[in-house]
Structures are given as structure tokens and as C-alpha cells.
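Asks:
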Amino acid sequence: MNRNRFMTGLMILLLITVVSFSGSCQKMNISTLKANYYFNQANHSFTENEYRQAIEQYEKALQHNPRLVQAYRYLGESYKQMYRPGDQSEANVEREQKALEALNKAHEIDPNDKNIIHSLADMYNRMQNFDEAEKFYLKILEMEPTNLSNYYVVAEFYKSYAGLSEEKEGQEGEVTEKTPFQKAEEMYLRRIETDPDNPQGLSYIAQFYGNMSPI
């Protein structure tokens, strides 16, 4: 009799555990489905350049799945598309902060996603924050040193600053850092070193020298 009661109690306990686990899984699956629904809706709005609507939908997706890394990325991209470089209005400063907040959260969740790193680099570049943008562009190069297109991406970044003097002087006035022109040149040369048998590298650096004047 006692054994029967024990077995009955054990079966009831197992049943409660299974039901509870099933309920948790069902809740998790529903949340995932809702997150994916809003994420897909947001992606459609994003492709239609409806960034305000996309922002609302990405935020809803993240309410249901706070680990949806690409929702953070495109939430940041949506704010970035609405951001206007040089505009110091309160609304634009808020867009800047929201873009960085979302992109940094995406980077925190997946620090090895090249697209997220590029998004951060591009955002800092739009903000004219040379040091932070450079850090992320160089990180892309470190992650994929054999991807030749990365050298051109970084070179183009440096070229956009080549008209500005980025020379840093020490206490005695000596130059302690290369100019953006010199850094761009270095990228083209490194690309040639990576694939010396490809004449395309020489063609690009020749075009670079033809279009630019060193500072």
C-alpha cells in the first residue's frame, strides 16, 4: 500500500514537472514567434525607408526577445538613417545616442559580427569621431586580413579625412602619428603585399596617387 502511494505521488510530481516545463516552453515559443513577427515587419519597414515605424517594430521584437541581436543592429541602423551629421538639435543628439546604444548592445551580444562592427565604424565616421571609427575599421581588418576588399574599405575611410591635418605633435613639436593620407597609402600597399601577383592592387594605388595630394 505504501509503495503504491509512493508511486502515485511520484507520478503526480513528474506530471506537474512536465506540465510546468511544457508551459515554459510554450511561453518561450510564443515569445519567439512574436519577436520574429515584429522583426520581419520591421525589416519590411526598413527596406521601405519607413524608419520611425521600423524603430517601433524593432523595439516590440526586442520586448519579446531581448537577445535578438539583429534587431538591435537594425534598430541602430534605423536611428542612423535618421541622424543628420552636424545637427546639434536635441532630437538629433537623441538619435545619435539611440543609434550608438543599439549598435553597442548588438556588439556586446555578438562581438565577432563583422556587419555590426562596420555599422559602428560607419556611425562614428558620420559623427566625425575619427579615433573611434578608426578603431572599428581596423578591427574588421584584424578579423579578416586576407579579405582584400577590407583594405579598400579602410583606405576609403582614411581618404575621407585626407584633407584634414591629423598630425599629432609631441612636447617638442615632432610628428608622432601618420596623416590620414599616409594611412590610406599604407592600406593600398598592404593590399599589394597580401596579393602581390594581382595587378589590380597596383591599379588602385596608381589611381590613389593620381587623385590625392599628400599633406
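Residue numbers for the sequence shown follow the numbering used here, beginning at 60 and rising by one. Backbone N, C-alpha and C define an ideal beta-carbon position, used for all residues, glycine too.
1. Can you tell which of 130, 161 and 212 has the C-alpha that lies nearest to the C-alpha of residue 94?
2. By the three-class DSSP mapping on this structure, what secondary structure does residue 260 have?
3. Report the rounded CA-to-CA distance for residue 259 versus residue 90, giving the unit in angstroms.
4. Count the other C-beta atoms from every protein chain shown that fall within 10 angstroms of the C-beta of residue 266, then say buried if there are 16 or more, exposed otherwise.
5. Mind checking whether residue 180 and residue 218 have CB atoms under 7 Å apart?
6. Going by other Cβ atoms of all chains shown within 10 Å of its Cβ, with 16 needed for buried, is residue 173 buried or exposed?
7. Determine, using beta carbons only, whether residue 117 and residue 92 come nearer to each other than 7 Å.
8. Could you say which of 115, 269 and 189 lies nearest to residue 138 if we only look at CA atoms?
9. With 7 Å set as the bound, which would you pick, yes or no: does the beta-carbon of residue 185 sit closer than that to a beta-carbon of chain B?
10. Which residue's Cα is closest to the Cα of residue 167: 185, 127 and 189?
11. Residue 161: buried (16+ other C-beta within 10 angstroms of its C-beta) or exposed?
12. Counting along the chain, where does the alpha helix (DSSP H) carrying residue 109 start and finish?
13. Classify residue 225 as helix, strand or coil using the three-state DSSP reduction.
14. Assign residue 133 to one of three DSSP states: helix, strand, or coil.
15. Would you please state the rounded distance, in angstroms, between the beta carbons of residue 110 and residue 140? I believe it to be under 8 Å.
16. Less than 7 Å between C-beta atoms, sequence neighbours within five positions excluded: which residues of the same chain meet that for residue 286?
17. Are the beta-carbon atoms belonging to residue 249 and residue 210 less than 7 Å from one another?
Replies: The short version:
1. Comparing Cα positions, the closest option is 130.
2. helix
3. 50 Å
4. exposed
5. no
6. exposed
7. no
8. For the options 115, 269 and 189, the alpha carbon positioned closest to that of residue 138 is the one of 115.
9. Absent from the structure is chain B; it holds one protein chain and no more.
10. Each of 185, 127 and 189 was checked against the Cα of residue 167, and the nearest Cα belongs to 127.
11. Flag for residue 161 reads buried.
12. From DSSP, residue 109 is part of no alpha helix (DSSP H); its letter is neither H nor E.
13. Low local confidence applies: a pLDDT of 48 at residue 225 is under 50, so the model's placement there is unreliable, and no value is given.
14. Residue 133: helix per DSSP, three-state reduction.
15. 5 Å
16. With the chain covering only 60 through 274, there is no way to say anything about residue 286.
17. yes
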